[in-house]
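Quick notes on the structure that follows.
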Amino acid sequence: MAEFTREQLHAYLDDALAEAEMARVEQALRESDALRRALRQAMQERDRGEHSLGAIWRRERLTCPTRENLSSYLFQVHDEARQEYIDFHLQTVGCPYCVANLADLRARQKETEGQAKERRKRFFASSASYLQVCRDPKKP
Ligand SMILES: [Zn+2]
Numbered sequence: 070m071a072e073f074t075r076e077q078l079h080a081y082l083d084d085a086l087a088e089a090e091m092a093r094v095e096q097a098l099r100e101s102d103a104l105r106r107a108l109r110q111a112m113q114e115r116d117r118g119e120h121s122l123g124a125i126w127r128r129e130r131l132t133c134p135t136r137e138n139l140s141s142y143l144f145q146v147h148d149e150a151r152q153e154y155i156d157f158h159l160q161t162v163g164c165p166y167c168v169a170n171l172a173d174l175r176a177r178q179k180e181t182e183g184q185a186k187e188r189r190k191r192f193f194a195s196s197a198s199y200l201q202v203c204r205d206p207k208k209p
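For the sequence shown, our numbering assigns the number 209 to the last residue and increments by one with no breaks.
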């Protein structure tokens, strides 16, 4: 069964999760009785005003890593403690802002990798024909 934190459920109720994450919660809700109970409980907490999500997110946002930090996280260049903190922020807190930010960074990284590969291919193709010309001076 997929596990979701209380914060994630509240974020779900607030429509604050990334689209893929919303879908994941909805799928899990269909399958899990326990999660439906947890969601009902979260809704009751909200009715009783025990959980002000706005306040929590504002507080959490203060601890959000910057986009540069997330990028470094993606390339795993932080020291272990920092890497773990961001891990915690993303996986355990499930901060929808940073999860979305990271997904965006990942997509861009992939795009850049694709472009680099394309450039290398073009470079090798052109230098291969150039080398051929050099080796065979008779060739036009
Ligand atoms: Zn965050």
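Just so you know, even glycine gets a beta-carbon here, dropped at the ideal spot from N, CA and C. What you are looking at is a predicted structure, and each value in this text was computed from that prediction instead of being measured.
Next item on the list: Identify the continuous alpha helix (DSSP H) that holds residue 150 and give its terminal residues.
Entry: Numbered from its first residue, the sequence shown carries residue 150 at position 81. Per DSSP, residue 150 belongs to the alpha helix (DSSP H) from 149-156.
Checklist line | Best match in 92, 82, 141 and 153 for proximity to residue 109 [C-alpha to C-alpha] | finding: Within the sequence shown, the letter at position 40 stands for residue 109. Of the listed residues, the one whose Cα sits closest to residue 109 is 82.
Next item on the list: Counting only the same chain and skipping the five closest in sequence on each side, list residues whose C-beta sits under 8 angstroms from that of residue 174.
Entry: Here residue 174 refers to the residue found at position 105 of the sequence shown. Closer than 8 angstroms at the Cβ level, and outside the excluded window around residue 174, lie 136, 139, 140 and 143.
Notebook entry, point to check: Can you check whether the CB of residue 78 is closer than 8 angstroms to the CB of residue 107?
Noted result: On the sequence shown, residue 107 is found 38 positions in, with the first residue counted as 1. On the sequence shown, residue 78 is found 9 positions in, with the first residue counted as 1. Yes; because the gap between Cβ atoms is below 8 angstroms, this pair is in contact.
Next item on the list: Go ahead and label residue 192 buried or exposed: buried means 16 or more other beta carbons lie within 10 angstroms of its beta carbon, across all protein chains shown.
Entry: Residue 192 sits at position 123 when you count from the first residue of the sequence shown. Classification of residue 192: exposed, given that the 10 Å Cβ count is below 16.
Check: What separation, rounded to the nearest whole angstrom, lies between the Cα atoms of residue 154 and residue 73?
Finding: For this step, residue 154 is matched to residue 85 along the sequence shown. For this step, residue 73 is matched to residue 4 along the sequence shown. Distance between the alpha carbons of residue 154 and residue 73 is about 19 angstroms.
Note to self: I'd like to check one pair, residue 76 with residue 183: are the Cβ atoms closer than 8 angstroms?
What the structure shows: Translated into positions along the sequence shown, residue 183 becomes position 114. Translated into positions along the sequence shown, residue 76 becomes position 7. No. Outside cutoff.
Notebook entry, point to check: Per DSSP, what kind of secondary structure is residue 145 in: helix, strand or coil?
Noted result: Along the sequence shown, read from residue 1 onward, the residue named residue 145 stands at position 76. Residue 145 falls in the coil class under three-state DSSP.
Notebook entry, point to check: Hey, residue 176 and residue 87: beta-carbon distance below 8 angstroms or not?
Noted result: Taking the sequence shown and counting its residues from 1, one reaches residue 176 at position 107. Taking the sequence shown and counting its residues from 1, one reaches residue 87 at position 18. No; because the gap between Cβ atoms is not below 8 angstroms, this pair is not in contact.
Item checked: C-alpha distance - residue 180 paired with residue 168, whole-angstrom precision -> The sequence position of residue 180 within the sequence shown is 111, counting from 1. The sequence position of residue 168 within the sequence shown is 99, counting from 1. In a straight line, the C-alpha of residue 180 is about 18 angstroms away from that of residue 168.
Next item on the list: Report, in whole angstroms, the separation of the C-beta atoms of residue 165 and residue 80, which I expect to be a contact under 8 angstroms.
Entry: Here the question's residue 165 lines up with position 96 in the sequence shown. Here the question's residue 80 lines up with position 11 in the sequence shown. About 5 angstroms separates the two Cβ atoms, so the contact holds.
Checklist line | residue 166 beta carbon near ligand 1 (any heavy atom closer than 7 angstroms) | finding: By one-based count along the sequence shown, residue 166 stands at place 97. The answer is yes for residue 166.
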